[in-house]
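The structure under discussion appears below in the form of structure tokens.
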Amino acid sequence: MVTAVLDLGAAVRGLRLDAHLPECRHASRTVVDCDWCLWALDVPQVRSLLDVAADVRALTEVGTGAGTGPAGVRDTVPWVLAAAQVAAHRTQVVVDEVVVPSVRSAVARLADAVDAELAGLDRLVDVAVAPGGPVEQRCLRTAGALAATRLGRPEYAGLLAAAPPGVRRSVTEVAGLLSGESQAESVVPVVDAIHWRGLPPLRTQPEWALRPPAGHGMRHPGPQRQVAPSRGSLEALVVESLADRVSDQLLAVSGDLARIGPPVDLVRSDAEPRRTARGRNSLFRMALIDWHLSLVDSGRASCWPGRAVDGGTAVTVPWVVAAAVDVLRGVAVSTVHVTDPPGFDLVSPFR
């Protein structure tokens, strides 16, 4: 138990203690060898605060697209989700529950220092999720590509008619190459790769390390083929080429789609169950993540207006975000809530 504290940042140094605790009766020993002092310091609050401090530094030091560190990580939804979870972890630390008075005072000082660092991380998150900021732009691009896979359906004819000519041409062309379901199947791994740029190792959230490389080992939407083409065969190369062409074309027109439809309210009840740490462990190993829905559910989607409604929260998202959530319904999941949100009516304004 004592070793765990020392491994988490050397509690004696972290708490800035250079002498025995006032309550200690073993002053003849050195501080680092004093079993009583180390026992008094080995409390969950110390370990948790040192974990939070380490994770705040790790998330602060990763780079943006123009910064140092892994390029673009700070501009991603996973980075925002991890920062929000670190902040939630800090709220679970109750300093007043520390029994030894001098340790409680030292832990309170450590908590103040951690909170100051956490405030700095929070300001970075605010910049990333601001309206028109990098996270929103990334989401609109990927959500637009997923939304475009629906536009070939008859019920979306009115919405497609409102799109710019270039969008209509691209949607018509890809519809002649692949069905809407197969288009989505092609786009999903590309969407995942755009959002998942990796994260540094996090003490409060080790489950992120279980994520496979972007687009690998995931379930994708669309019907399962009865017989998959043999790897390396001509058929497999043709399918791969079509998938690349479709995803490239849909990503190319995705930026024009957000403006053609009205925004949609995504409503979440306060009573909806949230994922536990154990649930996230399983999630990150096996599931396809809906990054757009996860951002909304995180409470940090400042790029889109939110408001309290009866028994819950409504976030008004661009229609492409709602459409992307609908495309991935039942296939991809939120990292925050266990259930899917209610369905959306995306087409009636254009009938």
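For what it's worth, our numbering labels the leading residue of the sequence shown as 9, then goes sequentially. Glycine residues also receive a C-beta, built at the ideal position from the N, C-alpha and C atoms. Since we're looking at a predicted model, the values are computed, not measured.
### Task
Note down, one range per segment and in chain order, each beta strand (DSSP E) of at least 3 residues found wholly within the region 239–302.
272–277
### Task
Using 10 angstroms around the beta-carbon of V107, count the other beta-carbons present and answer buried if the total reaches 16, otherwise exposed.
exposed
### Message
Let me confirm a value: V182 is counted as buried when at least 16 other C-beta atoms fall within 10 Å, else exposed. Which label applies?
### Response
buried
### Message
Quick check: the Cα distance between V325 and S255, rounded to an integer number of angstroms?
### Response
23 Å
### Query
Should the region 109–129 be called in touch with the region 153–168, which here means at least 3 C-beta pairs below 8 Å?
no
### Task
Check the DSSP bridge columns for R315 and list the partner residues they point to.
A322
### Query
Which of helix, strand or coil does DSSP assign to H203?
helix
#### Entry: Residues near A66 in its chain [Cβ-Cβ closer than 6 Å; skip 5 each side]
P208
### Query
Taking buried to mean at least 16 other C-beta atoms within 10 Å of its own C-beta, is R117 buried or exposed?
exposed
### Query
In angstroms, rounded to a whole number, what distance separates the CA positions of V101 and A27?
25 Å
### Query
CA-CA distance, G319 and R276?
Cα atoms of G319 and R276: separation of roughly 9 Å, rounded to the nearest angstrom.
#### Entry: Cβ-based burial, D278 [other Cβ within 10 Å; buried from 16]
exposed
### Task
Give me the Cα-Cα distance between D63 and A332, rounded to the nearest whole angstrom.
Straight-line Cα distance between these residues: approximately 31 Å.
#### Entry: Three-state class that DSSP yields for H97 in the structure shown
helix
### Query
Between which two residues does the alpha helix (DSSP H) containing S113 stretch?
P109 to A136
### Message
Is it buried or exposed, T150, if we count other Cβ atoms within 10 angstroms and call 16 or more buried?
### Response
buried
### Task
Output yes or no for whether 7 Å exceeds the beta carbon distance between C147 and H300.
For C147 and H300, yes; Cβs fall inside 7 Å.
### Message
Distance check for W327 and D353, CA to CA, integer angstroms please.
### Response
One Cα belongs to D353, the other to W327, and the distance between them is close to 10 Å.
#### Entry: Residue from D50, R33, L49 and V94 whose Cα sits closest to the Cα of T68
V94
### Message
Tell me which residue opens and which closes the alpha helix (DSSP H) that C45 is part of.
### Response
First-last of the alpha helix (DSSP H) with C45: D43 to L49.
### Task
Please work out which residues of its chain come closer than 7 Å, Cβ to Cβ, to G152, disregarding the five sequence neighbours upstream and downstream, and give them in chain order.
S262, G263, L265, A266 and V328
### Query
Would you call L46 buried or exposed, if buried means 16 or more other Cβ atoms sit within 10 Å of its Cβ?
buried
### Message
Going by DSSP in three states, A340 sits in which element: helix, strand or coil?
### Response
strand
### Query
Closest by CA to Q191, which one among Q257, W204, V175 and A136?
Q257
### Message
Alpha carbons only, please: which of V88, D334, A114 and W312 is nearest the one belonging to T343?
### Response
V88
### Query
Which residues in the same chain as G17 place their Cβ atom closer than 6 Å to its Cβ, once the five residues preceding and following it in sequence are excluded?
Any reading at G17 must be qualified, since the residue scores a pLDDT of 36, below 50, and its modelled position is unreliable; no value is offered.
### Query
What's the C-alpha gap between S446 and A217?
It is not possible to answer for residue 446, since the shown part of the chain is limited to 9 through 359.
#### Entry: D252 classed as buried or exposed, judged by whether at least 16 other C-beta atoms fall within 10 angstroms
exposed
### Task
Per DSSP, which residues does H345 bridge with? Please list them.
R282
### Message
Here's the rule: buried if 16 or more other CB atoms are within 10 angstroms of the residue's CB, otherwise exposed. What is P86?
### Response
buried
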